[in-house]
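Colleague: Protein chains in written order, with this note's numbering: chain A, -19 to 339; chain B, -19 to 339.
Ideal Cβ placement from N, Cα and C applies to all residues, glycine included.
Number of protein chains: 2
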Amino acid sequence: MTIFDVAVWSQGRVRMLDQRRLPNAEIYHDYGSAAEVAEAIRAMVVRGAPAIGCAAAFGVAVEAFRVRALKGVPDSWVEAMAPGLAQLRQARPTAVNLGWALDRMAPLLLTVDPEAVPERLLAEAEEIRQEDIAACRAMGALGAAILPAPPPDRPLAILTHCNAGALATAGYGTALGVIRAARARFGRVVVYATETRPYLQGARLTAWELRQDGFDVTLMTDSMTGHAMHCGRIDVVVVGADRVAANGDAANKIGTYMHAVLARRHAIPFLVACPLSTIDLATASGDHIPIEERSPTEVTHWAGQPVAADGVRVFNPAFDVTPAELISALVTERGVVQPPNESAIRALFGSLESLPGTG
Amino acid sequence: MTIFDVAVWSQGRVRMLDQRRLPNAEIYHDYGSAAEVAEAIRAMVVRGAPAIGCAAAFGVAVEAFRVRALKGVPDSWVEAMAPGLAQLRQARPTAVNLGWALDRMAPLLLTVDPEAVPERLLAEAEEIRQEDIAACRAMGALGAAILPAPPPDRPLAILTHCNAGALATAGYGTALGVIRAARARFGRVVVYATETRPYLQGARLTAWELRQDGFDVTLMTDSMTGHAMHCGRIDVVVVGADRVAANGDAANKIGTYMHAVLARRHAIPFLVACPLSTIDLATASGDHIPIEERSPTEVTHWAGQPVAADGVRVFNPAFDVTPAELISALVTERGVVQPPNESAIRALFGSLESLPGTG
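(1) Suppose you measure from the CA of Pro130/B to the CA of Ala155/B; what does that come to, to the nearest Å?
(2) Taking C-beta pairs closer than 9 Å, name the residues in chain A that Ala183/B reaches, listed in chain order.
(3) Which residues mark the beginning and the end of the beta strand (DSSP E) in which Val219/A is found?
(4) In chain A, what lies closer than 8 Å to Thr198/B by C-beta?
(5) Just to confirm, is the Cβ distance from Phe347/A to Ala231/A under 8 Å?
(6) Just by C-beta distance, which residues in the stretch 0 to 11 of chain A are closer than 9 Å to chain B?
(7) Checking the sheet assignment: what are the DSSP bridge partners for Tyr11/B?
(8) Please classify Ser331/B: is it buried, with 16 or more other beta-carbons within 10 angstroms of its beta-carbon, or exposed?
(9) Since Tyr172/B is in the beta strand (DSSP E), which residue starts that stretch and which ends it?
(10) Does Leu180/B come within less than 8 Å of chain A when only Cβ atoms are used?
(11) Can you list, in chain order, the residues of its chain with a C-beta nearer than 6 Å to that of Gly266/B? Leave out the 5 residues immediately preceding and following it.
(12) For Trp57/A and Arg0/A, I'd like the C-alpha separation in whole angstroms.
(13) For the ligand ADP, is there any heavy atom lying closer than 7 Å to the beta carbon of Val317/A?
(14) Are Val252/B and Val170/B close, meaning C-beta to C-beta below 8 Å?
(15) Taking C-beta pairs closer than 7 Å, name the residues in chain B that Val241/A reaches, listed in chain order.
(16) With DSSP as the reference, identify every bridge partner of Trp282/B, one or two as the case may be.
(17) Over what stretch of residues does the alpha helix (DSSP H) that includes Ile393/B continue unbroken?
(18) Give me the residue from Tyr179/B, Gly145/B, Ala164/B with the minimum Cα distance to Asn296/B.
(19) Could you give the DSSP three-state label for Trp(-11)/A: helix, strand or coil?
(20) Apart from the five residues on each side of it in sequence, which residues of its chain come closer than 8 Å, Cβ to Cβ, to Arg191/B?
(21) Show which residues of chain B have a CB atom less than 7 Å away from the CB atom of Glu340/A.
(22) Tell me where the beta strand (DSSP E) around Thr236/A begins and ends.
(23) Relative to the C-alpha of Phe195/A, which candidate in Tyr172/A, Ile269/A, Ala208/A has its C-alpha closest?
(24) Would you list, in sequence order, the uninterrupted alpha helix (DSSP H) runs of no fewer than 4 residues that lie entirely inside the stretch 136 to 201 of chain A?
(25) For Ala115/A and Pro255/A, what's the separation of their Cα atoms in angstroms?
(26) Taking the Cβ atom as the reference point for each residue, do Ile248/B and Met209/B lie within a distance shorter than 8 Å?
(27) For Pro30/B and Pro319/A, I'd like the C-alpha separation in whole angstroms.
(28) Along chain A, in chain order, which residues have C-beta atoms closer than 9 Å to that of Arg191/B?
(29) Between which two residues does the beta strand (DSSP E) holding Arg134/A run?
(30) Are the C-beta of Ala187/A and some C-beta of chain B separated by less than 8 Å?
(31) Measuring only between beta-carbons, confirm whether Ile307/A sits less than 8 Å from chain B.
(32) Identify whether Ala262/A lies in helix, strand or coil by the three-state DSSP scheme.
(33) How would you list, in chain order, the residues of chain B whose beta-carbon sits under 7 Å from the beta-carbon of Arg134/A?
(34) Please name the residue in Thr91/B, Gly157/B, Glu273/B whose C-alpha comes closest to that of Gly123/B.
(35) For Tyr152/A, which residues from the same chain have a beta carbon less than 7 Å from its beta carbon, with the 5 sequence-adjacent residues on both sides left out?
(36) Just reading off the beta strand (DSSP E) that Gly315/A is part of, what are its end residues?
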């Protein structure tokens, strides 16, 4: 499988493939501070919930190296790192992996040898990255195992939305991990990718990533999935998530809810694949997930040129929430919950956290 | 109301506003033959079912003037006009108004004074144009009358898809005619317009047309309507149609079906506005409506530049079918049918055609 430097450590800096330029150019940037990494996350150099988590973790590490190089070991790592951590935390609001990664890194500022904090943070960031790749592989296997059998006359046809692939994770992908494992299981699959307006992650990233690995990919606009389902072209839908609430409601790229409603109408299974780091037990339901609104120009302009009439208002939510009742199965690295429900989700986290009141 | 030269007679030629260039440029072209008009329809200089019907009617007239100027009055107008009529008929497959207009023009080739055929055809084309404007006004009044009352805290919010406006008709519009009449009824309305990929008729045409008339327009991508409905932003959906089958199934711009499914889920009324010329009693149901597939480059390219990965396949249907069961009301110039059903639709055409077997 093609491996991308989505967010990796490279010679003392955080290296990221600039996903805004794909598929027309493969350009890498190296970042040397938390502020720079936060800005790269905000500007969508890197995107995808698990990838944002990895990038933030490396952002913490690189900030610590920067602080030590500039001023030596600080009296308080917590104080010295506070501004950088705050910048990272505010970079984007919806993906919970960002906060999850920071919450996992932060205690290391207190508990280890102050001299070795930067190295310890880097090791943890690497650990997060490796765990994410392993989680994607596990999700792939578990998700592929519950896919329906292909129809007799053609390969299994899987619809996906946005990019929940190697480019959205440390590698292999969540939804695209399931699709990769499905190909391994069935020999061949065909993939339908929505273009995913306004940012075109489907056209630019998913189609490109899957073509690199030789998949049969058919692109369509977001508005065509209902007709494609009506025509019998889609057997199953597999998407990722940016935040899953305790009750199984899933925030994901804008449009996901629509595809889920259509899938239900056409009795097509709808799978959400995400690591436990995307599940936020502290958020009771989808109603409490903050939905980022992005710039109007993402809708009104194309490559800097206006395409819409002057004077229009714009509604540009980056995500929507698919209620648990429309999700056939939630696929995680620790197991599949079908259909999603709070007690089964809490049970995935182990016996302690499955007790009431500990989420 | 702003009036556009969508398809009009101008100094012996057919004049059309080039809708491909809107909203960035207002450019008009004059066409002197059926072949040129057919190519303009195919290339989407003009689009929208009623507008295509008008353009085709003027295309027949201009062809007759061209033939007479070139060779004098032919022995057989039917023979002389056959190639031009065939080119027009094949220009686009889904909108039934094209064939309807040609079927209305064709008998005039036989029944009138051969010397005066061009003038008679032009008069009929003008009649079709004036009838369409009158039909739009009537639909507007009838449609606005059945809209729900605005909520107490804000103006009525109407979602529309694609462009079923003055630009899609001879003037005033079908869905946008209802919206214009709604403003007259309620004093103020707010309009949500989908951008309508891949051709962006919503962003380029609807937003522009409505802004010309001072409407409050909010643009969003096609993928955002479900979330907008979930947020309580939409009170009613009003769209046009390219062909309505005898049972009330309505073919309209790709994505319409999706919005209808979402509207039903959110208990939001879904109105289809179209003149009788769009209703095809010879087509029993939506399953029999031909769905045009257009060029892959509409999806993979933007202003000539590739945005999608190389090597992808493309699914690019221009229309989909909304089943009658999802349509709250069908609004025509002769009355409203709610919900659509075959006997009520046939009754609109008058007592003769409402008898079994005469459709």
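Modeller: The answer reads as follows:
(1) Each residue's alpha carbon lies about 18 Å from the other.
(2) Here the neighbours are Val279, Thr280, Val287, Ala288, Ala289, Val292.
(3) Element bounds for Val219/A: 216 to 219.
(4) Per Cβ cutoff of 8 Å: Val292, Arg293, Val294, Phe295.
(5) Absent from the model: residue 347/A. The displayed extent of chain A is -19 to 339, so no value can be given.
(6) So the close ones are Leu2, Pro3, Asn4.
(7) DSSP output for Tyr11/B lists Val(-6)/B as bridge partner(s).
(8) With a pLDDT of 48 at Ser331/B, under the threshold of 50, the modelled position of that residue is not reliable, and the figure given next carries that caveat. Using a 10 angstroms sphere on the CB of Ser331/B, the tally of other CB atoms stays under 16, which defines it as exposed.
(9) Start and end: 169 to 174.
(10) Contact with chain A is found for Leu180/B, since one of that chain's Cβ atoms lies less than 8 Å from the residue's Cβ.
(11) Cβ within range, chain order: Ala225, Asp229, Val301.
(12) CA-to-CA, the gap between Trp57/A and Arg0/A works out to about 34 Å.
(13) This structure lacks the ligand ADP; in fact it carries no ligand of any kind.
(14) Not closer than 8 Å, so no.
(15) The contact set of Val241/A on chain B, defined by CB atoms closer than 7 Å, consists of Gly206, Val241, Leu242, Arg245 in chain order.
(16) For Trp282/B, DSSP records a beta bridge to Gln285/B.
(17) With chain B covering only -19 through 339, there is no way to say anything about residue 393/B.
(18) Considering only alpha carbons, the answer is Tyr179/B.
(19) DSSP places Trp(-11)/A in strand when its eight states are reduced to three.
(20) Apart from sequence neighbours up to five positions away, the residues of its chain that approach Arg191/B with a beta-carbon distance below 8 Å are Val197, ordered along the chain.
(21) What is shown of chain A runs -19 to 339, which leaves residue 340/A out entirely.
(22) Per DSSP, Thr236/A lies in no beta strand (DSSP E) segment; the continuous alpha helix (DSSP H) that holds it begins and ends at 236 to 245.
(23) Looking only at Tyr172/A, Ile269/A, Ala208/A, the smallest Cα-Cα distance to Phe195/A is reached by Tyr172/A.
(24) Taking only runs of at least 4 residues, the alpha helix (DSSP H) segments lying wholly in the stretch 136 to 201 of chain A are 155 to 166, 187 to 192.
(25) Rounded to the nearest angstrom, the two C-alpha atoms are 6 Å apart.
(26) It is a contact, given that the beta carbons lie within the stated cut-off.
(27) For Pro30/B and Pro319/A, the distance between alpha carbons rounds to 47 Å.
(28) Result: Ala289, Asp290, Gly291, Val292.
(29) Looking at the DSSP string, Arg134/A is not in any beta strand (DSSP E), and its letter there is neither H nor E.
(30) So yes, Ala187/A belongs to the interface.
(31) At a cut-off of 8 Å between beta carbons, Ile307/A makes no contact with chain B.
(32) Ala262/A: coil per DSSP, three-state reduction.
(33) Residues of chain B passing the Cβ test: none, with the nearest at roughly 14 Å.
(34) Out of Thr91/B, Gly157/B, Glu273/B, Gly157/B has the C-alpha closest to the C-alpha of Gly123/B.
(35) For Tyr152/A, the CB contacts under 7 Å within the same chain, skipping 5 residues up- and downstream, are Met(-19), Ile113, Cys116, Arg117, Gly120, Ala146, Arg160 in chain order.
(36) Where Gly315/A is concerned, the enclosing beta strand (DSSP E) stretches over 315 to 317.
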